[in-house]
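Asker: Below is the structure I would like to discuss, written out as structure tokens.
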Amino acid sequence: MSETELSRPISRREWLLSDAPQSRRQAQLGALYQGWLTFRANKLAMFGLIILILLFGMAIFAPWLAPQSPFSQNLADRLQPPSAAHWLGTDSFGRDILSRLIHGSRITLFIVGTVALIAPVVGLLIGTIAGFAGGWVDQLLMRITDIFLAFPKLILALAFVAALGPSIGNAVLALALTAWPPYARLARAETLTIRNADYIAAARLQGAGPMRLLIRHIWPLCVSSLIVRVALDMAGIILSAAGLGFLGLGAQPPMPEWGAMISDGRIYILDYWWVAAMPGLAIFIVSLAFNLLGDGLRDVLDPKGAKE
Amino acid sequence: MLNVSDLDVWFGDPPDRVDAVRDAAFSVSKGESFGLVGESGSGKSTILRAIAGLIDSWSGQIEVDGTRIEGARRDRAFYKTVQMVFQDPYASLHPRHSVDAVLSEALRLQGMGDIDRRITRLLEDVGLGKGFRFRYPHQLSGGQRQRVAIARALAAEPRLLLLDEPTSALDVSVQAEILNLLKELREEHGLTYVMVSHDLAVVGHICDRLAVMQQGQIVEIMSVDALRRGAGEQDYTRHLIAASQ
Amino acid sequence: MSTPLLSVKNLCVTFASRRGDFQAVRGVSFELGRERLGVVGESGSGKSMTGRAILGLVRPPGRVTADRMELEGQSILNLPERRMRKLRGSRISMVMQDPKFSLNPVMTVGDQIMESYRLHAGGGRAAARQKALEMLNAVRIRDPERVMDTYPHEVSGGMGQRIMIAMMLAPDPQILIADEPTSALDVSVRGEVLNIMDGLVRDRGMGLIFISHDLNLVAKFCDRVLIMYAGRVVESLPARDLHNARHPYTQGLLRSLPRLDTPVERLPVLQREESWRSGELDPSPET
């Protein structure tokens, strides 16, 4: 069968969708392509992905995209409504809100990106070790997780920042430290179901040690659901970061962090609505985009939700 | 090859302790094929898992190739001697590992070199062509998956193969193919089999002798010839034979 | 038999997928009277999908089409879900493979039987309880009063399947579709469950569609057998003639079974032929 398939030229799509891949690379690319097709079928998820790509572009090219410097003050132009000169208006120091939003996307992406790197990894480590080892290790790790879970997230983050001093780095650290427990729980639950699977028993019989089982067999199965969860949690992380900024415990002025910008606009909210509304809208759009993306990723990655 | 005596296996601690196997004893000589037969809950699979080291709560003596085994710890030599094929090929292959990944991992863990050539050999041995090497489990049928699982077990070049209902999840026509394959492999590689099954006809086809189990105990050990004649000494055996005719 | 209980003509179940349409069932036709009809085939032959299509249980993206699908002359093809739900249970019931998955784990057995009865037949609790006890008696459960108050996890597999049968037969349906009702059971229990089902179906003059992969079981237990391959019926014959089957697929299936009484060195392996997928079925008297 494979010979006949090789003898005639096949399209790239056929090559990718082949049920009988001829090489490791073809198999991996094929699996990726399958996932992409599933993802692409979800229109809303594609919409979310496009928004996020635009956001990335905005962050990378911020200095070229922004019409003005985010810091240049012009008190004569303060609190101007949206107009041709200032598309989204100006704030109380006469700074161009659009420019600040564009530059602020860098900060938002930095916070979200770092938290999204730290929290799930910590959660994955703790959760899988707890689930796999069982016994007192499990008890210990899960009780620690419970302690973290028992505090409201933002309050705990506040406490951390208050102790470490307000700065954007500490805000990220605080958010990451408060965000990992749900991932640990999720990873542990997944590990418990995987741990007794026959393929784990089979790997044991090959002589695979606990480290190998954990890294090669259990992690790959936990990671996909964690990724989905992270994408869905992104909105919450952005909001928490904005919350810290709003309370003055995250990015410090004059940095154009979106939450801090809302906070600045708070006192003018009735007369000069755009000062607070524009960054609010930005947060809303990006959060929504992450949620949509997460939904699409679930279709692709979550074996339980997947069809066929 | 395999000597089991006074084997007790239990799950849980008192007062919830459940005795899954009580006082089991049998021995399998080199090159023999031995069947463990019984209904669900009779403890037949539990015995296999205790031998393989997948259960640690057991007592008694298990001797593989002259070596006593303790607890659930097994050394490398054990894994080179004993391998297992599981019941459900849909559950015994890692969903994210390709055939290539499964086999090369097994070979590497056994410290084998020349992996490319060996994978090709293994796939040929179990009747799968090279074309299957890079497929993922979801691209395989049930019978093909079970062939991959058998190839994985053969990677270590074991001498004793534990077969846990290897065909009960398969269609009858596929079952015939797998049973034929198991027979061929045994002749080619001089393997010893211990096969668990609820299907007397399957055991009759593959095995030389068998033990009939009921509620955790071996009630009778008999030859397949006796099984074919329906000559069970115990009522339970005769009842089983009658029910599966 | 004037009008058959169930008449199906050219039934197709199609699933749209990325790689084009996949037909799980391709033009199945049969009629069911007050008899026991076996549907045999391997996994993927479309036998279960046929049963689901009759019950209206094919979910999108699956599509069901047929020239005719009638229950006592009344069309039941693609009925709206609300009307189908009325039909299911009261006129057509289904027993699934594993009672563990088809019984509600947080309801007592008695409550479940009573609920399924009252849903279709109405009536008060007392009447339903009476009926439930009667049904448990009918499936030969000793001490039904006690079993009524147990939860599904407290009963064995064979008992669970008998309870399922009791539940499904409580509203007195005309047709019972049993999808591998005994594959999850041990051989010694299997016979008993089958006998109970057989007795009930016969006493009530019901039609039974018995879906199974086990040729010998079907041969023993049914009046007539349809053999399915790749979504089509390749052969239809009286169960007692199964061992004289003419279609090479059926013959191959029968031969590939190991037998205790006739040991062979190698089991004959089924060589599948492309023509089985498309070849016309020789017209049999029933269809």
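Protein chains in written order, with our numbering: chain A, 3 to 310; chain B, 74 to 318; chain C, 886 to 1172.
Glycine included, each C-beta is placed from N, C-alpha and C at the ideal position.
Quick caveat, the model's predicted, so the values are computed rather than measured.
Assuming contact is defined by CB atoms lying nearer than 9 Å, are B/Ala249 and C/Leu1142 in contact in what I supplied?
Answerer: Taking the first residue of the second sequence as 1, we reach residue 249 of chain B at position 176. Taking the first residue of the third sequence as 1, we reach residue 1142 of chain C at position 257. Going by C-beta atoms, B/Ala249 is nearer than 9 Å to C/Leu1142.
Asker: Rounded to the nearest angstrom, what separates A/Arg197 and A/Ile131 at their Cα positions?
Answerer: Here residue 197 of chain A refers to the residue found at position 195 of the first sequence. Here residue 131 of chain A refers to the residue found at position 129 of the first sequence. The straight-line gap from Cα to Cα measures roughly 11 Å.
Asker: Give me the residue from A/Tyr35, A/Ile240, A/Ile53 with the minimum Cα distance to A/Leu295.
Answerer: Counting from one through the first sequence, the residue named residue 295 of chain A turns up at place 293. Of the listed residues, the one whose Cα sits closest to A/Leu295 is A/Ile53.
Asker: Anyone know if the C-beta pair for C/Leu1145 and C/Thr1135 falls short of 9 Å?
Answerer: By one-based count along the third sequence, residue 1145 of chain C stands at place 260. By one-based count along the third sequence, residue 1135 of chain C stands at place 250. The answer is no: Cβ separation not under 9 Å.
Asker: Leaving out the 5 sequence neighbours to the left and right, which residues in its chain are closer than 7 Å to C/Met981 when beta-carbon positions are compared?
Answerer: Within the third sequence, numbered from 1, the residue matching residue 981 of chain C stands at position 96. If we look at C/Met981 and ignore the five residues flanking it on each side, its Cβ neighbours are Ser987, Asp1064.
Asker: Locate the alpha helix (DSSP H) running through A/Cys224, then write down its first and last residues.
Answerer: Here residue 224 of chain A corresponds to residue number 222 of the first sequence, with the count starting at 1. Counting along the chain, the alpha helix (DSSP H) containing A/Cys224 begins and ends at 221-248.
Asker: Given a limit of 8 Å on CB to CB distance, which residues of the region 102-118 of chain B reach chain A?
Answerer: Within the region 102-118 of chain B, no residue has a Cβ that lies closer than 8 Å to any Cβ of chain A.
Asker: Should B/Asp244 be flagged as near chain C, meaning a C-beta pair shorter than 9 Å?
Answerer: Locating residue 244 of chain B in the second sequence gives position 171, counting from the first residue. Chain C contact via Cβ: present.
Asker: Which residues of the region 149-161 of chain B have a Cβ closer than 9 Å to any Cβ of chain A? Give them in chain order.
Answerer: Against chain A - using a Cβ distance shorter than 9 Å - the residues of the region 149-161 of chain B are Arg149, Phe151, Tyr152, Lys153, Val155, Gln156, Met157, Val158, Phe159, Gln160, Asp161.
Asker: Between which two residues does the alpha helix (DSSP H) containing A/Pro266 stretch?
Answerer: Counting from one through the first sequence, the residue named residue 266 of chain A turns up at place 264. The sequence shown places Asp at residue 266 of chain A, rather than the Pro named in the question. A/Asp266 -> alpha helix (DSSP H) spans 260-267.
Asker: Which one of C/Val1024, C/His1038, C/Glu920, C/Ser933 has the shortest CA to CA distance from C/Arg1047?
Answerer: Taking the first residue of the third sequence as 1, we reach residue 1047 of chain C at position 162. Residue C/Val1024 is the option with its Cα nearest to C/Arg1047.
Asker: Mind pulling the chain B residues with CB within less than 8 Å of C/Arg1131?
Answerer: The residue you call residue 1131 of chain C lines up with position 246 of the third sequence. Those do not exist, as C/Arg1131 stays about 18 Å from chain B at its closest Cβ, beyond 8 Å.
Asker: Measure from the C-beta of C/Asp1071 to each C-beta in chain B and report whether the shortest distance is under 9 Å.
Answerer: Counting from one through the third sequence, the residue named residue 1071 of chain C turns up at place 186. At least one chain B Cβ lies under 9 Å of C/Asp1071.
Asker: By a C-beta neighbour count over all protein chains shown, 10 Å radius and 16 as the cutoff for buried, is C/His1038 buried or exposed?
Answerer: The residue you call residue 1038 of chain C lines up with position 153 of the third sequence. Answer is exposed; the Cβ neighbour count stays below 16.
Asker: If contact means a Cβ-Cβ distance below 7 Å, which residues of the region 1081-1102 of chain C contact chain B?
Answerer: Hits within the stretch, in order: His1098.
Asker: Going along chain B, which residues have a C-beta under 9 Å from A/Arg26?
Answerer: As a working mapping, residue 26 of chain A is identified with position 24 in the first sequence. Under the 9 Å cutoff, chain B gives Ser171, Asp173, Ala174, Arg206, Phe207.
Asker: Could you pull the DSSP bridge partners for B/Asn76 from this structure?
Answerer: Here residue 76 of chain B corresponds to residue number 3 of the second sequence, with the count starting at 1. DSSP lists B/Ser100, B/Glu136 as partners of B/Asn76.
Asker: List, from N- to C-terminal side, the alpha helix (DSSP H) runs of 4 residues or more that fit wholly inside the region 1115-1152 of chain C.
Answerer: Runs of the alpha helix (DSSP H) inside the region 1115-1152 of chain C: 1133-1140.
Asker: Taking 9 Å as the threshold (C-beta atoms), are A/Thr116 and A/Lys155 in contact?
Answerer: One-based indexing of the first sequence puts residue 155 of chain A at position 153. One-based indexing of the first sequence puts residue 116 of chain A at position 114. Their beta carbons are not under 9 Å apart, which means A/Lys155 does not touch A/Thr116 by this criterion.
Asker: Round the Cβ separation of C/Glu957 and C/Leu890 to the nearest angstrom and send it over; I've been treating them as touching at under 8 Å.
Answerer: On the third sequence, position 72 is the one that residue 957 of chain C refers to. On the third sequence, position 5 is the one that residue 890 of chain C refers to. The Cβ separation is near 6 Å, so the contact holds.
Asker: Counting only Cβ-Cβ distances shorter than 9 Å, please list the residues of the region 210-233 of chain B near chain C, keeping chain order.
Answerer: Going along the region 210-233 of chain B in chain order, one finds Ser214, Gly215 with a Cβ nearer than 9 Å to chain C.
Asker: For C/Met1033 and C/Ser1041, I'd like the C-alpha separation in whole angstroms.
Answerer: Taking the third sequence and counting its residues from 1, the one referred to as residue 1033 of chain C is at position 148. Taking the third sequence and counting its residues from 1, the one referred to as residue 1041 of chain C is at position 156. Each residue's Cα considered, the two are about 14 Å apart.
Asker: Runs of 3 residues minimum, wholly inside the region 244-310 of chain B: which ones carry the beta strand (DSSP E) assignment?
Answerer: Here the runs fully enclosed are 265-270, 282-287, 290-296.
Asker: Quick one: which chain B residues come within Cβ less than 8 Å of C/Arg1125?
Answerer: On the third sequence, residue 1125 of chain C is found 240 positions in, with the first residue counted as 1. In chain order: nothing, as chain B lies at least about 17 Å away.
Asker: Between A/Val232, A/Asp148, A/Ala243, A/Gly129, which lies nearest to A/Ala159 when the distance is taken from Cα to Cα?
Answerer: Along the first sequence, one-based indexing puts residue 159 of chain A at 157. The option with the nearest alpha carbon to A/Ala159 is A/Ala243.
Asker: Identify whether C/Glu966 lies in helix, strand or coil by the three-state DSSP scheme.
Answerer: As a position in the third sequence, residue 966 of chain C is number 81, starting the count at 1. Looking at C/Glu966 - three-state DSSP - the assignment turns out to be helix.
Asker: Quick one: measure Cβ to Cβ for C/Met1050 and C/Leu922, integer angstroms, because I've assumed they're closer than 8 Å.
Answerer: What you label residue 1050 of chain C is simply residue 165 of the third sequence in a count that begins at 1. What you label residue 922 of chain C is simply residue 37 of the third sequence in a count that begins at 1. The displayed chain sequence assigns Ile, not Met, to residue 1050 of chain C. Actually they do not touch by this definition, with Cβ atoms about 17 Å apart.
Asker: Distance check for C/Lys985 and B/Val91, CA to CA, integer angstroms please.
Answerer: For the purposes of this step, residue 91 of chain B is taken as residue 18 along the second sequence, with counting starting at 1. For the purposes of this step, residue 985 of chain C is taken as residue 100 along the third sequence, with counting starting at 1. For B/Val91 and C/Lys985, the distance between alpha carbons rounds to 21 Å.
Asker: Thinking just about the alpha-carbon of each residue, which of B/Glu178, B/Ala304, B/Glu306, B/Arg220 is nearest to the one in A/Gly209?
Answerer: Counted from its first residue, the first sequence places residue 209 of chain A at position 207. The option with the nearest alpha carbon to A/Gly209 is B/Glu178.
Asker: Measuring only the C-alpha atoms, how far is A/Arg268 from A/Gln254?
Answerer: Working through the first sequence from its first residue, we reach residue 268 of chain A at position 266. Working through the first sequence from its first residue, we reach residue 254 of chain A at position 252. One C-alpha to the other measures close to 16 Å.
Asker: What are the residues that DSSP puts in a beta bridge with C/Ala1063?
Answerer: The sequence position of residue 1063 of chain C within the third sequence is 178, counting from 1. Looking at the DSSP assignment, C/Ala1063 forms a beta bridge with C/Val980, C/Phe1095.
Asker: Does DSSP put C/Arg1109 in a helix, in a strand, or in coil?
Answerer: For the purposes of this step, residue 1109 of chain C is identified with residue 224 of the third sequence, where counting begins at 1. Strand.
Asker: Would you say A/Ala33 and B/Gly204 are within 9 Å of each other, going by their C-beta atoms?
Answerer: The residue labelled residue 33 of chain A in the question sits at position 31 within the first sequence. The residue labelled residue 204 of chain B in the question sits at position 131 within the second sequence. Not in contact: A/Ala33 and B/Gly204 (Cβ atoms no closer than 9 Å).
Asker: Between B/Asp189, B/His211, B/Val172, B/Val247, which lies nearest to C/Leu1155 when the distance is taken from Cα to Cα?
Answerer: On the third sequence, position 270 is the one that residue 1155 of chain C refers to. Considering only alpha carbons, the answer is B/Val247.
Asker: What would DSSP say about B/Leu313, mapped onto helix, strand or coil?
Answerer: The sequence position of residue 313 of chain B within the second sequence is 240, counting from 1. In this structure, B/Leu313 counts as helix in the three-state DSSP scheme.
Asker: Tell me which same chain residues have a C-beta within less than 8 Å of the C-beta of B/Ala123, skipping the five on either side of it?
Answerer: Residue numbering aside, residue 123 of chain B sits at position 50 when the second sequence is read from its first letter. Within the same chain, B/Ala123 has close Cβ partners Leu80, Val82, Val94, Trp131, Ile135.
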